[in-house]
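Those letters in the sequence shown? Residues 758 to 1193, by this note's numbering.
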Amino acid sequence: MTIFKYRWQKIYAGAVVIFCSLFAAVYWYGSSHQQKQLPAEVFIDTTAYRALPKPEFKYGLLINNLVVEESMVKRNQRFTDLLEGYHVQDIVHQQINLVSRSVFDFRKITQNKKITLIHYPDSLKSLKAIVYEQSPVDYYVFHLEDSLIIETCQHPVEIVEKGFSAIIDFSLAQTIEQFGISNELTNRFVDVFAWQIDFHRLQKGDRFKILYDEIYVNGSAVGIKGIKGIYFEHEEKPFWAIPFDQGNGIDYFNERGESLRKELLKFPIEYTRISSRYSLRRFHPVDKVYRAHRGTDFSAPTGTPIRSVGDGVILEAQYKRNNGNYVKVKHNGTYATQYLHMSKIARGIRPGTQVKQGQIIGYVGSTGLSTGPHLCYRFWKNGVQVDALKVDLPPAEPIQPEMNPQFELAKNDIVKKLDMIVMPPSIEASLASTKY
C-alpha cells in the first residue's frame, strides 16, 4: 500500500512537470509567434500635411499658387490693352475679336472700374482669367486658357430695410449726406416727388421720413435698391409716396392713389444746382447784353450723364457754334426737348434713332457759347418754347378701381412702418439722429 502510494505520487509529480513544461513551451511559442506578427513601430510625419495651404477662392476661381493683380481701368483703355505684357494663346485673341457685342462689348470697358488679372507665376505671365467689375454687384469673368469663356456673375447680396427721419436745414442733399448715405438716395427721392415739390426751393424746417432698401455686398453698403415709402412736410403741407405695382412695374402714388409720375421726367440729369432759370430777360454772361434765355441751366461736372426725359425720336444730334454739341428729341405731337453744350453725344444717338425715357443721350460739357460745364435744357409745347419747370403735364394713370383693395393693404403697411420712425423735434436733434 505504501509502495503503491509512493509510485502514484511520483507519477502525479511527473505529470505536473510535463504539463508545466508543455504549457511553458506553448506560451513561449505563442508569444514568439505573436511578436513576429507585430509590425515594427511606424512614424508618420504630419508636417507635410500641415503645410498644405487651405484652398483659397476669388470670384469662384481657385487662386492658390497663382498671382492676383488688381487695378482700375484707365482713361481710353481697351480690353485688349489689358492683355499687353501677358501670355494669351492666339486662338483666344481671335475669339475676342469675334465675340458678339450682345454678349459683351469689348470697346465699352469703363474708366475707374475694377479689373483683376489672374495669371500663373511663370516667366510668360500666362493669363488664366480677367475679372471686370461692371458694378459693385455685377461682374464678368473671362476665362482665357484654352479658349475664351465669358461668365456673367453677381456677388452675393443682402438687402437691408432701413429708415430715418430728418429736418432740413439747408438742402435735401446735405441733410441726407449727414447720415453717410450715398447721394443715390437723394436722386431717387427727388425723382419720386419731382413734379410735386421744387427741391431747389425747399424751406428750412421742412421735414421727412423715408423707408428704403439698401444693398450690401460683403458687409459694405453698395447702393440703394429702392424707396419703399416717404412722408414729406413741405411748407407744412404733407406729401406721401407709396410704391405699388399695377402690372407694369413699380410706380409711386399719393395716399389717394393718384400717380406722382407724369408723362416726362422733370429733370434731364440727376439732382444738381440750377444755375440759371427760364427768363425773357437775362444778362448773357458771354455777350454781356440782356436777352431772352428760353432754357434752364443745370450746373454739373463735365461728363455727367444726360438722359432723355421721355420716349421719343431724335430730330437733331450735331454741333453748332452757339449750341455746341446738342440733341433734340421729339416725344409726341405736343412735346419736344433739347439738350445743349454737351461734351460729347452718346454713342448711337443720331437723327431717326428711337430713345427711351431715362436713356443716356449725351454728357455735360461746355461746348459752344458757354462759360463753364453745364446743361442748357429747352422745352417745346406745340412748337413754342416754354419753361420746362412750369409746364403742366398730364399725370400717369392712377390706381385702377380693381386694384384699390391691394393698394390700400400696401399703403397701410407702409404708413404703419413710417409711423414707427420718430420725427426729430428740432434741426439739432435731426443732426444727432441715426438710421434704425
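We treat Cβ as the ideally placed atom computed from N, Cα and C, and that holds for glycine.
Query: Spatial distance of V825 from Y889 (CA atoms); Result: 13 angstroms
Query: Contiguous beta strand (DSSP E) assignments of at least 3 residues, all confined to the region 901-963; Result: 906-911 and 914-924
Query: Three or more C-beta pairs below 8 angstroms linking the region 1017-1030 and the region 946-955; Result: yes
Query: Contacting residues, own chain, Cβ-Cβ under 8 angstroms from P1025 (five flanking each side not counted); Result: F1055, I1063, R1064, S1065, V1066, T1094, Y1096, L1132 and Y1134
Query: Segment limits, alpha helix (DSSP H) that includes H850; Result: D847 to L855
Query: Chain-order list of residues whose beta-carbon lies under 6 angstroms from that of E735 (same chain, five-residue window excluded); Result: The shown model of the chain, from 758 to 1193, leaves out residue 735, and the question about it has no answer.
Query: Beta carbon of Y969 nearer than 8 angstroms to that of L1021; Result: no
Query: The region 917-928 contacting the region 952-972, beta-carbon criterion three pairs below 8 angstroms; Result: yes
Query: The region 872-890 contacting the region 951-961, beta-carbon criterion three pairs below 8 angstroms; Result: no
Query: Spatial neighbours of K1101 in its chain, beta-carbon cut-off 8 angstroms, leaving aside the 5 residues before and after; Result: N1082, G1119, Y1120 and G1122
Query: F861 beta carbon less than 8 angstroms from that of Y897; Result: yes
Query: Other residues of its chain near K1023: CB distance less than 6 angstroms, five sequence neighbours each side excluded; Result: A951 and W952
Query: 6 angstroms CB neighbourhood of D1068 in its chain, flanking five on each side removed; Result: K1113 and Q1114
Query: Boundaries of the alpha helix (DSSP H) in which F1164 is found, first to last residue; Result: N1161 to D1176
Query: Bounding residues of the alpha helix (DSSP H) (the contiguous stretch that carries F836); Result: F836 to L839
Query: Where the beta strand (DSSP E) containing P1000 begins and where it ends; Result: K994 to D1002
Query: Neighbour-count burial assignment, A923, 16 or more Cβ in a 10 Å radius; Result: buried
Query: A1056 (DSSP reduced to helix, strand or coil); Result: With the sequence shown as reference, residue 1056 is identified as Ser, and Ala is not the correct amino acid for it. If DSSP states are grouped into helix, strand and coil, S1056 belongs with the strands.
Query: Straight-line gap, W997 to I1171 (C-alpha atoms, nearest Å); Result: 10 angstroms
Query: Pairwise C-alpha distance: S1033 and T1191; Result: Caution applies to T1191, whose pLDDT of 49 falls short of 50 and renders its modelled position unreliable; the value that the coordinates give is listed next. Straight-line Cα distance between these residues: approximately 35 angstroms.
Query: Boundaries of the beta strand (DSSP E) in which I1063 is found, first to last residue; Result: P1062 to R1064
Query: Unbroken beta strand (DSSP E) run spanning G1119, endpoints; Result: I1117 to V1121
Query: Closest Cα partner of H1098 within the set K1077, G1105 and R1107; Result: K1077
Query: Own chain, CB closer than 7 angstroms to H844, minus 5 neighbours either side, in chain order; Result: L881, K882, S883 and L884
Query: Supposed contact pair H900 and I906 - C-beta distance, whole angstroms, cut 8 angstroms; Result: 4 angstroms
Query: Delimiting residues of the beta strand (DSSP E) encompassing Y889; Result: L884 to E890
Query: Buried versus exposed, by CB contacts within 10 Å (16 or more), T867; Result: exposed
Query: Whole-angstrom C-beta distance between N869 and V894, which should lie under 8 angstroms; Result: Actually they are not in contact, since the Cβ atoms of V894 and N869 sit about 16 angstroms apart, beyond 8 angstroms.
Query: Proximity below 8 angstroms, CB of I999 to CB of G983; Result: no
Query: Beta-carbon contacts of N1161 that lie in its chain and below 7 angstroms, excluding the five residues immediately before and after; Result: G1014
Query: Own chain, CB closer than 6 angstroms to S828, minus 5 neighbours either side, in chain order; Result: I872
Query: Candidates V1084, R1030, K1138 and N1079, of which the one nearest T1128 by Cα; Result: N1079
Query: Distance, D1008 Cα to F1001 Cα; Result: 6 angstroms
Query: Three-state class that DSSP yields for K1113 in the structure shown; Result: coil
Query: Simplified DSSP state of P1158, which is helix, strand or coil; Result: helix
Query: Buried versus exposed, by CB contacts within 10 Å (16 or more), K1173; Result: exposed
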